Each structure stands twice: as structure tokens, then as C-alpha cells.
Amino acid sequence: MLYKSTIVAVVVMAGLVMAGPGGNRGGPGINRFGPGGHHGGPREHLPPFAQNATTEAKQALIVILRNDNITIAEQKSEIQTWAQTYGLTQEVNDFEQKMNAKIEEIQRNATEVVETLPTKLQEITAILSNENQTRRQQGEALKTFRDENPQAARALEALVRPQRPPRGGRPEGGRGRPEGGKGRPFEPMTFESEDEQ
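Under the working numbering, the first residue of the sequence shown carries the number 8, and numbering increases by one thereafter.
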């Protein structure tokens with residue numbers, strides 16, 4: 008059950024990546040130069056199957072891609088109709104096949120990594136808890152682990168990496184320091200009550 012929910016989470020993350028900047032390229036806000044683009048005319052980042060389409064075909068596709076009131080299935084259907092109208096059915100079908108193959112590859116890779124994580128976690132825990140080695144030896148063992156298991160290492164690092172504060176504006180104290188700039192930035196938590204201080 009844990010594996011299935013993890014796989015679903017990975018697929019959702021892949022979807023989020025596709026929907027983000029540089030992903031699907033079909034949603035609103037994709038034209039960074041505003042209406043008409045930088046040099047006039049539509050400057051949308053269109054899917055590869057539309058690269059050789061006429062200006063009229065591109066404009067019709069942009070209308071479909073910008074329509075946020077239709078479901079994904081409806082959008083796919085409209086794109087198929089668009090492709091038939093403009094003689095680009097083969098290009099659209101090739102694109103869909105490539106996308107489906109990429110999604111399947113992501114699912115396979117994610118499944119493989121998720122299935123190996125418990126074993127890899129035990130391996131890294133053994134390295135970190137071995138006190139019969141020097142810090143240098145421990146560092147070399149961790150590097151070897153990372154080199155031999157890059158995907159599992161990245162997944163484990165992501166799980167244990169401390170959360171960073173959001174980017175953007177400074178906290179109230181400015182310069183990342185609490186309470187008006189006093190103290191060190193992001194001081195470690197202490198477990199003393201106010202009476203003990």
C-alpha cells in the first residue's frame with residue numbers, strides 16, 4: 008500500500024513538473040512578453056507538433072490550450088480535431104506516444120527506487136552508525152554509496168533534508184535574523200523553559 012501511494016505521489020510530482028514553467032507550455036501565463044509577444048504576433052511556446060503549423064493553425068491551438076474551462080479529456084479531443092483540420096494528426100499522435108512513453112519510464116524508475124529504499128536506508132544507516140571508522144572513512148563510504156546509488160541517494164537526501172525558509176521577502180527582523188536582527192539566523196531550537204533561562 009505504501010509503495011502504491013508513493014508511486015502515485017511521484018506521478019503527481021511529474022504532473023506538477025509538467026505543469027510548471029517549461030512543462031506543458033499550454034496554460035495561461037506562458038507568454039512572457041504579453042499579448043503579441045516580444046516582436047508582435049503570437050509568441051506562445053507551443054508543443055513540438057505545432058512547430059510547422061500555419062499561423063492560423065497555431066492561433067487555433069492557442070485558443071484550445073488557453074481554455075481552462077474544459078477537462079483534459081475534452082482538451083485532448085479538441086486537439087485531435089484540430090490536428091485533423093490542419094493535417095497534423097501524425098505529429099500529434101507521435102507526440103502523445105512520446106509523452107506516454109516518458110510517463111511509463113518515470114513510473115518504472117519511481118517504482119524501482121521506491122522498492123529499493125528500505126534496503127538503501129538500512130545501508131546508509133549502517134554507514135552513519137558505524138563508530139569504528141574515521142570521519143574521512145565515513146565520508147568516503149557515503150560518497151561510494153551516492154556514486155553507486157544516485158537515485159536512491161537523492162530520494163533519501165530529499166526525505167531528510169531540512170526545510171528551507173521560503174524565498175522572497177525577509178522575515179520581520181530583516182537579514183534572516185529573528186527579533187529585530189538579534190541572534191544568529193535560524194538558531195537551533197532549545198528545549199529550555201523560560202524559567203530556566
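Here a beta-carbon is modelled for each residue, glycine too, at the ideal position from N, C-alpha and C.
Note that the structure is a prediction, hence the values are computed from the model and not measured.
Endpoints, the alpha helix (DSSP H) within which residue i is located
| i | result |
| --- | --- |
| Gln145 | 142-155 |
| Arg115 | 96-136 |
| Gln170 | No alpha helix (DSSP H) holds Gln170; DSSP gives it neither H nor E. |
| Ile79 | 79-92 |
| Leu72 | 62-73 |
Minimum C-alpha distance to residue i - residue among the options
| i | options | result |
| --- | --- | --- |
| Leu68 | Ile86, Ile79, Asp75 | Ile86 |
| Thr96 | Thr62, Ser136, Pro55, Ala165 | Pro55 |
| Thr61 | Leu163, Gln82, Trp89, Ser136 | Trp89 |
| Ala160 | Thr132, Lys109, Glu111 | Thr132 |
| Gly94 | Leu124, Ala57, Thr141, Gln129 | Ala57 |
6 Å Cβ shell around residue i - same chain, five flanking residues per side excluded
| i | result |
| --- | --- |
| Ala148 | Ile134 |
| Ala64 | Tyr93 |
Cβ shell of residue i (< 7 Å), same chain only, five flanking positions each side left out
| i | result |
| --- | --- |
| Thr123 | Ala159 |
| Glu130 | Phe152 |
| Val120 | Gln158, Ala159, Ala162 |
Separation of residue j from residue i, as counted between CA atoms
| i | j | result |
| --- | --- | --- |
| Gln104 | Gln114 | 15 Å |
| Lys150 | Glu112 | 27 Å |
| Glu155 | Lys127 | 11 Å |
| Asn107 | Pro173 | 34 Å |
Contacting residues, own chain, Cβ-Cβ under 8 Å from residue i (five flanking each side not counted)
| i | result |
| --- | --- |
| Phe102 | Pro54, Pro55, Phe56 |
| Gln144 | none |
| Glu138 | none |
| Ala165 | none |
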